[in-house]
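Colleague: Quick note: the sequence shown, position 76, residue 111 per the working numbering, numbers continuous.
From the three backbone atoms N, C-alpha and C, an ideal C-beta is built for every residue, glycine too.
Treat the numbers as computed from the prediction; the structure is a model and nothing was measured.
Before I ask anything, let me first share the structure, which is written out below as structure tokens.
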Amino acid sequence: MNYVVTGSASGPVFELPDSPHYTKLFRPRNLHWGDPGTIDTIGAVGRHCDERLSYRPEIGNIAGPDRRNTYSRSHDGDNFDLAYPWADRRSGASDPDGRSTAPYRTSATASADQVKGIDYGLLHSVLAFITSQPLCNSILIGHNVQKALAKHIANNHLPRLVRVVEYRAHEDHIHVNMKHTKLR
Numbered sequence: 036m037n038y039v040v041t042g043s044a045s046g047p048v049f050e051l052p053d054s055p056h057y058t059k060l061f062r063p064r065n066l067h068w069g070d071p072g073t074i075d076t077i078g079a080v081g082r083h084c085d086e087r088l089s090y091r092p093e094i095g096n097i098a099g100p101d102r103r104n105t106y107s108r109s110h111d112g113d114n115f116d117l118a119y120p121w122a123d124r125r126s127g128a129s130d131p132d133g134r135s136t137a138p139y140r141t142s143a144t145a146s147a148d149q150v151k152g153i154d155y156g157l158l159h160s161v162l163a164f165i166t167s168q169p170l171c172n173s174i175l176i177g178h179n180v181q182k183a184l185a186k187h188i189a190n191n192h193l194p195r196l197v198r199v200v201e202y203r204a205h206e207d208h209i210h211v212n213m214k215h216t217k218l219r
């Protein structure tokens with residue numbers, strides 16, 4: 036898509052197409068609509084993760100076809116959620132259809148013990164790729180996940196991820212903040 040960066044939500048949103056490179060979680064919610072740049076970036080993330088990391092990311096809420104999102108008020112087409120990658124390679128969702136109020140494997144306020152099963156090497160690789168994308172503003176993850184990721188980075192002498200920040204109630208999923216875009 037040919038798009039430009041804007042300062043606010045404007046223009047139509049586009050449905051995230053089905054792809055062999057990622058999984059769309061919570062389909063009954065109809066919240067896989069986004070700005071053109073967000074949709075393109077998710078496609079790039081899916082291709083990169085699938086082809087280079089042998090991992091198929093799980094995409095959570097973006098926005099509805101009217102830019103509304105009753106599950107995630109901050110989402111209006113420029114943000115998207117991802118499930119954390121787990122070491123056992125099972126889904127990051129306990130309820131892939133999203134019919135429950137807690138559809139991910141852990142709660143939003145999970146303890147350090149409850150996030151030990153995340154594959155932190157894979158998480159670092161996924162987040163490093165996302166933060167390299169020109170439309171990515173920041174990525175929000177939970178406090179306990181941030182602590183464990185920082186330890187993994189230090190132990191393995193990996194580059195820090197400066198646009199990845201700790202934010203309350205994100206022990207259960209990754210939240211990616213993008214720049215708003217619209218078609219030219």
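Per DSSP, which one or two residues make a beta bridge with residue 210?
Modeller: Its beta-bridge partners are 116 and 175.
Colleague: How many whole angstroms separate the CB atoms of residue 92 and residue 81, which I take to be in contact at a CB cut-off of 8 Å?
Modeller: That pair is a contact at about 6 Å.
Colleague: For residue 161, report the span of its beta strand (DSSP E) as first-last.
Modeller: Taken as a continuous stretch (DSSP letters only), residue 161 belongs to no beta strand (DSSP E), being part of the alpha helix (DSSP H) at 155 to 166.
Colleague: If you draw a straight line from the alpha carbon of residue 36 to that of residue 97, how long is it in whole angstroms?
Modeller: Between residue 36 and residue 97, the C-alpha separation is close to 18 Å.
Colleague: Can you tell me which of 161, 141, 214 and 162 puts its alpha carbon nearest to the alpha carbon of residue 152?
Modeller: Out of 161, 141, 214 and 162, 141 has the C-alpha closest to the C-alpha of residue 152.
Colleague: Count Cβ pairs between the region 125 to 136 and the region 157 to 176 that sit closer than 8 Å; are there 3 or more?
Modeller: At 8 Å Cβ cutoff, the stretches do not touch.
Colleague: For the putative contact between residue 143 and residue 205, defined by C-beta atoms under 8 Å, what is the C-beta separation to the nearest angstrom?
Modeller: Yes, they are in contact, since the Cβ atoms of residue 143 and residue 205 sit about 7 Å apart, within 8 Å.
Colleague: Just to confirm before moving on: does the CB-CB distance between residue 124 and residue 111 stay below 9 Å?
Modeller: No, the Cβ-Cβ distance between residue 124 and residue 111 is not below 9 Å.
Colleague: Are the Cβ atoms of residue 128 and residue 138 separated by less than 9 Å?
Modeller: Closer than 9 Å, so yes.
Colleague: Kindly identify the DSSP beta-bridge partner or partners of residue 74.
Modeller: Residue 74 pairs with nothing; no bridge assigned.
Colleague: Compute the Euclidean distance between the alpha carbons of residue 186 and residue 197, then round it to the nearest angstrom.
Modeller: Straight-line Cα distance between these residues: approximately 15 Å.
Colleague: Of all Cβ atoms in chain D, is any one closer than 9 Å to the Cβ of residue 56?
Modeller: Of the chains in the structure shown, none is chain D; there is only one protein chain.
Colleague: Could you spell out where the beta strand (DSSP E) holding residue 48 opens and where it closes?
Modeller: Careful: residue 48 lies outside any beta strand (DSSP E) and carries neither H nor E.
Colleague: Could you please give me the residues that DSSP links to residue 94 through a beta bridge?
Modeller: Answer is 59 and 117.
Colleague: Name the two residues that bound the continuous beta strand (DSSP E) containing residue 66.
Modeller: Looking at the DSSP string, residue 66 is not in any beta strand (DSSP E), and its letter there is neither H nor E.
Colleague: So residue 77 packs on residue 115, CB below 8 Å; how close in whole Å?
Modeller: The pair is a contact, with the Cβ atoms about 6 Å apart (cut-off 8 Å).
Colleague: Distance, Cα to Cα, residue 70 vs residue 179?
Modeller: Straight-line Cα distance between these residues: approximately 31 Å.
Colleague: Per DSSP, residue 218 forms a beta bridge with which residues?
Modeller: Answer is 38, bridged to residue 218.
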